[in-house]
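Enquirer:
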Amino acid sequence: MSMQVVGESGGPLPWHRQLSARTAVGAARLLVLLPPRRLRQALTAASRGSRAATHAQALDARRAVVTVSARCAGRGCLQRSVATVLLCRLHGRWPDWCTGLRTQPFRAHAWVEVGAQAVGEPGDVALFHTVMSVRHRDGGRR
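Heads up: the sequence shown begins at 42 in this note's numbering, then just goes up one per residue.
1) Considering just the uninterrupted stretch of the alpha helix (DSSP H) at residue 57, what are its terminal residues?
2) Evaluate the contact criterion for the stretch 105 to 124 versus the stretch 85 to 97: three or more CB pairs, one atom per stretch, below 8 Å.
3) For residue 101, name the three-state secondary structure that DSSP assigns.
4) Whole angstroms are fine: how far does the CA of residue 167 sit from the CA of residue 144?
5) Does the Cβ of residue 98 have 16 or more other Cβ atoms within 10 Å, making it buried, or fewer, making it exposed?
6) Judging by CA-CA distance, which residue of 139, 71 and 169 is the nearest neighbour of residue 146?
7) Once the 5 residues before and after residue 160 are set aside, which same chain residues still bring their CB inside 8 Å of it?
8) In chain order, what residues of the same chain have a beta carbon less than 8 Å from the beta carbon of residue 58, not counting five sequence neighbours either side?
9) Using C-beta distances below 8 Å, list every residue in its chain close to residue 75, excluding the 5 sequence neighbours before and after it, in chain order.
10) Taking DSSP as the reference, what is the three-state secondary structure of residue 153?
11) Suppose the cutoff is 7 Å on Cβ atoms and the five residues either side in sequence are ignored; what does the same chain contact list for residue 129 look like?
12) Report the three-state DSSP secondary structure of residue 167 (helix, strand or coil).
13) Between residue 132 and residue 139, what straight-line distance do the alpha-carbon atoms span, to the nearest angstrom?
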């Protein structure tokens, strides 16, 4: 599940930010092994009690995740998106987590959005039909 071919790059992070980003990436690595229904349940549970993330907070989390993980910086969109929402959650925030597909050509993708705007995505995710998402309570759930 990915559409990106070229890896992203991030900037240097302080040690405490690296630690929290690596924790989120490690947890995401385990969560993406779950069946889709269980993954959604786990993320729904994680999102409870959080406040809505801003675009800047979600983008900062995404950049931290791609800085500490080559997999997340490259073709691992599912792990990258899960790690991004988990890192936001470590700070009490929750952006919308989405997965979707398109048919021409067929591709599946996972991303994070805030206010219906994709965060840090190089391509046009509007071409993807959202299949599964965990949205902040104010944004409605699908």
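Note that the Cβ used here is the ideal one computed from N, Cα and C, for glycine as well.
Expert: Judging by the given coordinates:
1) In the sequence shown, the residue the question calls residue 57 occupies position 16. Under the DSSP assignment, residue 57 falls in the alpha helix (DSSP H) whose first and last residues are 56 to 72.
2) no
3) Walking along the sequence shown from the start, residue 101 turns up at place 60. Residue 101: helix per DSSP, three-state reduction.
4) Taking the first residue of the sequence shown as position 1, residue 144 is located at position 103. Taking the first residue of the sequence shown as position 1, residue 167 is located at position 126. If I take the Cα positions, the gap works out to 13 Å.
5) To locate residue 98, count along the sequence shown from 1; it is residue 57. Classification for residue 98: buried.
6) The count along the sequence shown starts at 1 and reaches residue 146 at position 105. Of 139, 71 and 169, the residue nearest in Cα terms is 169.
7) For the purposes of this step, residue 160 is identified with residue 119 of the sequence shown, where counting begins at 1. Counting only Cβ-Cβ distances below 8 Å, and skipping sequence neighbours, we find 96, 99, 100, 103, 125, 136, 152, 153 and 154.
8) On the sequence shown, position 17 is the one that residue 58 refers to. Excluding its 5 nearest sequence neighbours in each direction, residue 58 has C-beta neighbours in its own chain below 8 Å: 105, listed in chain order.
9) What you label residue 75 is simply residue 34 of the sequence shown in a count that begins at 1. Closer than 8 Å at the Cβ level, and outside the excluded window around residue 75, lie 83.
10) Numbered from its first residue, the sequence shown carries residue 153 at position 112. Strand, per DSSP.
11) Residue mapping note: residue 129 aligns to position 88 of the sequence shown, counting from 1. The residues are 94, 98, 99, 102, 135 and 136.
12) Reading the sequence shown from its first residue, position 126 is the one you call residue 167. Helix at residue 167.
13) Taking the sequence shown and counting its residues from 1, the one referred to as residue 132 is at position 91. Taking the sequence shown and counting its residues from 1, the one referred to as residue 139 is at position 98. Cα atoms of residue 132 and residue 139: separation of roughly 20 Å, rounded to the nearest angstrom.
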